[in-house]
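Residue numbers (the working numbering), protein chains in the order written: chain V, 1 to 113; chain D, 1 to 113.
As structure tokens, the structure follows; a few thoughts come after it.
Dropping the structure here:
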């Protein structure tokens, strides 16, 4: 098992996912783009999203998404992988994520990863 | 017609309501409570909502809600009335407001005005 000096990645359990945290996390264009991208595939490495922000800013956005319960992250040897917690969100807030993404596609157009 | 020294109340037209602005407006507990309260009645005077914040803070929250397109406000002689733009939101983002309010009721419980 590899050792790492990164802090452990914390995720809220499904029952503690907070609606206002989720709405706040989704209210930013970079974070919405990350969520929209992840909705189309099972998992993706953090540096490969179609967003144009500094690495430290991107790291903050991933933290907001993770702590809100929208995404789950795990470490691989040389990279951090992210996946959307679609099933957890559907269990907690039925229809919410799908409705928000449909609204986003309606106005911003779907992403082309 | 009465004269007033208050600035004119501006509202985005339906086609310009921005999803991220709406999500941001809904991500605050006071603003969510205002929206939830307005979902249950046609119109309400600003000082009568079941929220416990200073008048200047409340005024800010109403401004965020109005400028996001979530509510419409109009002046009466001695008070400002607010109403939810439910039809406009349904036209712009079908199902969004209902889904968010259902999620809020699911976790916070419906308000009792």
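C-beta atoms are modelled at their ideal positions from N, C-alpha and C, and glycine is treated no differently.
Only a predicted model underlies this, so the values are computations on that prediction, with no experimental measurement involved.
Chain V contact residues for residue i, given Cβ-Cβ distances below 7 Å
i, result
"residue 95 of chain D", "99"
"residue 33 of chain D", "What residue 33 of chain D touches in chain V: nothing, since even the nearest Cβ is about 11 Å away."
Beta-carbon neighbours of residue i, restricted to chain D and to distances below 8 Å
i, result
"residue 23 of chain V", "23, 24, 26, 27, 100"
Chain D residues whose Cβ lies nearer than 7 Å to that of residue i
i, result
"residue 103 of chain V", "19, 93, 96"
Contact list for residue i against chain D, beta-carbon separation under 9 Å
i, result
"residue 106 of chain V", "19, 92, 93, 94"
Test: residue i CB closer than 8 Å to a CB of chain C
i, result
"residue 55 of chain D", "Of the protein chains in this structure, namely V and D, none is chain C."
message: Going residue by residue through the region 24-85 of chain V, where are the continuous alpha helix (DSSP H) segments of at least 4 residues, counting only ones entirely within it?
response: 29-38, 55-68
message: Beta carbons nearer than 8 Å to chain V: which residues of the region 6-20 of chain D have them?
response: 18, 19, 20
query: Per the contact definition of three or more C-beta pairs closer than 8 Å, is the region 7-25 of chain V in contact with the region 86-98 of chain V?
result: yes
query: Would you say the region 27-42 of chain D touches the region 30-45 of chain V, given that touching needs at least three Cβ pairs under 8 Å?
result: no
- prompt: Does the region 6-18 of chain D come close enough to the region 44-60 of chain V that 3 or more CB-CB pairs lie under 8 Å?
  reply: no
- prompt: Would you call the region 67-87 of chain V and the region 58-74 of chain D in contact, with 3 or more CB pairs under 8 Å?
  reply: no
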